[in-house]
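Trainee: Residue numbers (our numbering): 10 to 464.
Cβ atoms here follow ideal geometry from the backbone N, Cα and C, with glycine treated the same way.
Quick one: structure below, then a few questions.
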């Protein structure tokens, strides 16, 4: 099980506060309108009449509240008025995780991440990788090896790690997968380059445009709608967007922050966004020997589709397009003290690796020396012509076409001046060397050398 808790960090926030009032799209209102329209278009007028009771003081499609209320504490949606009894009753049957009951049992509250705070996710079954390379990989989630969210088996597969542990990498794989239960799918980053990060040799992986794709094998991530023939067909959002309605039970589109690597038309609608690689990409630095993530960031932007409805007052006169709500970043960085331990450990591994090769080379040299010594002592191979100070001289017959070897005619003893040859015998004694000559008649036929005395 994985438990997550959120805390407000005033030190890193600076002069900002969780009590600051911000203005953003009313995600609860827009999501309600979109869901009602997709399920029961005829009920749009009823929901429109209920809006003033549900959202007290709502004058447009935007909401003004504190950061804490929007993110965690929640925005109140009142249901105790009899005029909204029907609408609230219908909402109870299709509540997304972002909406929950309050203590009075009738009202709701909407928050972006309140349902995640101090909650458990899982259980996860993670591979230990003792016998193979599955270390850190998610084997199952909530007791199942596949999801039951999307329209095809490929999209429901659980691939990759939970981003906390990876297996050692000998060579950089093209893609590294990670499973994200928040969006009910596995994402991947692609190898970019080798880089030294704070003294540690790492491989950098980052997301590419095809990471969030709605084509080919990823077509099953698209929601299904009825066509003119009442057949289910995929309805895919623009490039760079992922519709996670099936995952969070609410019409939410996710993308990279500021629509980085997304369709250019998305930038035209949402004025003010400025995608930058360094600020808005997803990335991770791996230390390949241990498979440890040294630094990384998972960045995600949540968007809502603004759609014009003539019979819905607050949405009857708006521009249609994908509107950003907020974007979040989950980052991890190895602390300095742990980074020093990693550096020291890698140095020790390097020394052990050098010592390993030293032992291998030393072993080879010892084996070669032993082999040569055995050949020398046993007079084998190139040492076969060596003797204990004696050379046998044979008489060569006169036939030039055939070389014969007779019985030894003499033996000559050598003193300390004898040099043991490596391949051919050489005689250093001046008293006899000038009386010997080497003959190689028909040597190819005989396969050996013969010696004869000079006249």
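Please report how far the alpha carbon of residue 221 lies from the alpha carbon of residue 284, in whole angstroms.
Mentor: Residue numbering aside, residue 221 sits at position 212 when the chain shown is read from its first letter. Residue numbering aside, residue 284 sits at position 275 when the chain shown is read from its first letter. Whole-angstrom Cα-Cα distance: 16 angstroms.
Trainee: Can we say the region 85-104 touches the region 125-139, given the rule of at least three CB pairs closer than 8 angstroms?
Mentor: Contact between the region 85-104 and the region 125-139 is absent, with fewer than three C-beta pairs closer than 8 angstroms.
Trainee: Could you check whether residue 70 and residue 38 sit closer than 8 angstroms to each other, using their CB atoms as the reference points?
Mentor: The count along the chain shown starts at 1 and reaches residue 38 at position 29. The count along the chain shown starts at 1 and reaches residue 70 at position 61. Yes.
Trainee: Can you tell me which residues form a DSSP beta bridge with residue 166?
Mentor: Here the question's residue 166 lines up with position 157 in the chain shown. For residue 166, which the question treats as bridged, DSSP gives the partners 155.
Trainee: Could you check what DSSP says for residue 211 in three-state terms: helix, strand or coil?
Mentor: Taking the chain shown and counting its residues from 1, one reaches residue 211 at position 202. Note: residue 211 maps to strand in three-state DSSP.
Trainee: Looking at the secondary structure, which residues open and close the beta strand (DSSP E) in which residue 330 lies?
Mentor: Mapped onto the chain shown, residue 330 falls at position 321. It spans 330-342 - the beta strand (DSSP E) in which residue 330 sits, taken as one unbroken run.
Trainee: Going straight from the alpha carbon of residue 246 to that of residue 264, what length do you get?
Mentor: Locating residue 246 in the chain shown gives position 237, counting from the first residue. Locating residue 264 in the chain shown gives position 255, counting from the first residue. Roughly 11 angstroms between the two C-alpha positions.
Trainee: For residue 22, count neighbouring Cβ atoms within 10 angstroms of its own Cβ and tell me buried if that reaches 16, exposed if not.
Mentor: Start at 1 with the first residue of the chain shown, and residue 22 comes out as number 13. So residue 22 counts as exposed.
Trainee: Residues in its own chain within less than 6 angstroms of residue 111 by CB, not counting five upstream and five downstream?
Mentor: Sequence index remark: in the chain shown, residue 111 carries index 102 (1-based). Only 118 meet the Cβ criterion.
Trainee: Can you tell which of 298, 300, 331, 259 has the C-alpha that lies nearest to the C-alpha of residue 273?
Mentor: Numbered from 1 along the chain shown, position 264 holds the residue referred to as residue 273. The candidate whose alpha carbon is nearest that of residue 273 is 331.
Trainee: Scan the region 193-242 and note each continuous beta strand (DSSP E) run of 3 residues or more that stays entirely inside, going in chain order.
Mentor: 194-206, 209-215, 233-235
Trainee: If we require 3 or more residues per run, which beta strand (DSSP E) segments fall completely within the region 31-96?
Mentor: 71-75, 84-86
Trainee: Inspect the CB distances between the region 248-257 and the region 222-235 and report whether three or more fall short of 8 angstroms.
Mentor: yes
Trainee: Count the CB pairs spanning the region 11-18 and the region 44-55 that are closer than 8 angstroms, and state whether there are at least three.
Mentor: No, the region 11-18 does not touch the region 44-55.
Trainee: From the DSSP output, which residues share a beta bridge with residue 293?
Mentor: Residue mapping note: residue 293 aligns to position 284 of the chain shown, counting from 1. Paired residue(s): 214, 305.
Trainee: Quick check: the Cα distance between residue 323 and residue 56, rounded to an integer number of angstroms?
Mentor: Looking up residue 323 in the chain shown gives position 314. Looking up residue 56 in the chain shown gives position 47. Rounded to the nearest angstrom, the two C-alpha atoms are 11 angstroms apart.
Trainee: In chain order, what residues of the same chain have a beta carbon less than 6 angstroms from the beta carbon of residue 456, not counting five sequence neighbours either side?
Mentor: Position 447 of the chain shown holds residue 456. Legend: pLDDT at residue 456 = 44, less than 50; position of this residue unreliable, value from coordinates given subsequently. If we look at residue 456 and ignore the five residues flanking it on each side, it has no Cβ neighbours.
Trainee: Using DSSP bridges, identify the partner residues of residue 355.
Mentor: Along the chain shown, one-based indexing puts residue 355 at 346. Looking at the DSSP assignment, residue 355 forms no beta bridge with any residue, so it has no partner.
Trainee: Would you check if the region 161-180 and the region 223-242 touch, i.e. whether three or more CB-CB distances between them fall below 8 angstroms?
Mentor: yes
Trainee: For residue 106 and residue 365, what's the separation of their Cα atoms in angstroms?
Mentor: Numbered from its first residue, the chain shown carries residue 106 at position 97. Numbered from its first residue, the chain shown carries residue 365 at position 356. Roughly 56 angstroms between the two C-alpha positions.
Trainee: Can you tell me whether DSSP reads residue 135 as helix, strand or coil?
Mentor: In the chain shown, residue 135 corresponds to position 126, counting from 1. Here residue 135 sits in strand by DSSP.
Trainee: Could you say which of 138, 175, 183, 388 lies nearest to residue 297 if we only look at CA atoms?
Mentor: The residue you call residue 297 lines up with position 288 of the chain shown. Out of 138, 175, 183, 388, 175 has the C-alpha closest to the C-alpha of residue 297.
Trainee: Within this structure, are the beta carbons of residue 313 and residue 83 separated by less than 8 angstroms?
Mentor: Along the chain shown, read from residue 1 onward, the residue named residue 313 stands at position 304. Along the chain shown, read from residue 1 onward, the residue named residue 83 stands at position 74. No.
Trainee: Given 8 angstroms as the limit, is there contact between the region 197-216 and the region 288-295, that is, 3 or more CB pairs closer than that?
Mentor: yes
Trainee: Measure the alpha-carbon distance for residue 149 versus residue 258 and round it to whole angstroms.
Mentor: In the chain shown, counting from the first residue as 1, residue 149 sits at position 140. In the chain shown, counting from the first residue as 1, residue 258 sits at position 249. Between residue 149 and residue 258, the C-alpha separation is close to 22 angstroms.
Trainee: Just to confirm before moving on: does the CB-CB distance between residue 195 and residue 167 stay below 8 angstroms?
Mentor: Here residue 195 refers to the residue found at position 186 when the chain shown is read from its first residue. Here residue 167 refers to the residue found at position 158 when the chain shown is read from its first residue. Contact: yes.
Trainee: What residues in its chain sit with their C-beta under 6 angstroms from that of residue 109, if we drop five residues either side in the sequence?
Mentor: Taking the first residue of the chain shown as position 1, residue 109 is located at position 100. Excluding residues within five positions, none has a Cβ falling inside 6 angstroms.
Trainee: Quick one, which of 67, 122, 384, 87 has its alpha-carbon nearest residue 336's?
Mentor: On the chain shown, residue 336 is found 327 positions in, with the first residue counted as 1. Looking at the Cα atoms, 122 is the closest of the given residues.
Trainee: Measure the CB-CB distance between residue 88 and residue 58 and report whether it falls below 8 angstroms.
Mentor: Translated into positions along the chain shown, residue 88 becomes position 79. Translated into positions along the chain shown, residue 58 becomes position 49. Taking the C-beta atoms as reference points, residue 58 is found no nearer than 8 angstroms to residue 88.
Trainee: Under 7 angstroms from any heavy atom of the ligand ATP, does the C-beta of residue 67 make it?
Mentor: With respect to the ligand ATP, the structure offers nothing, as it holds no ligand at all.
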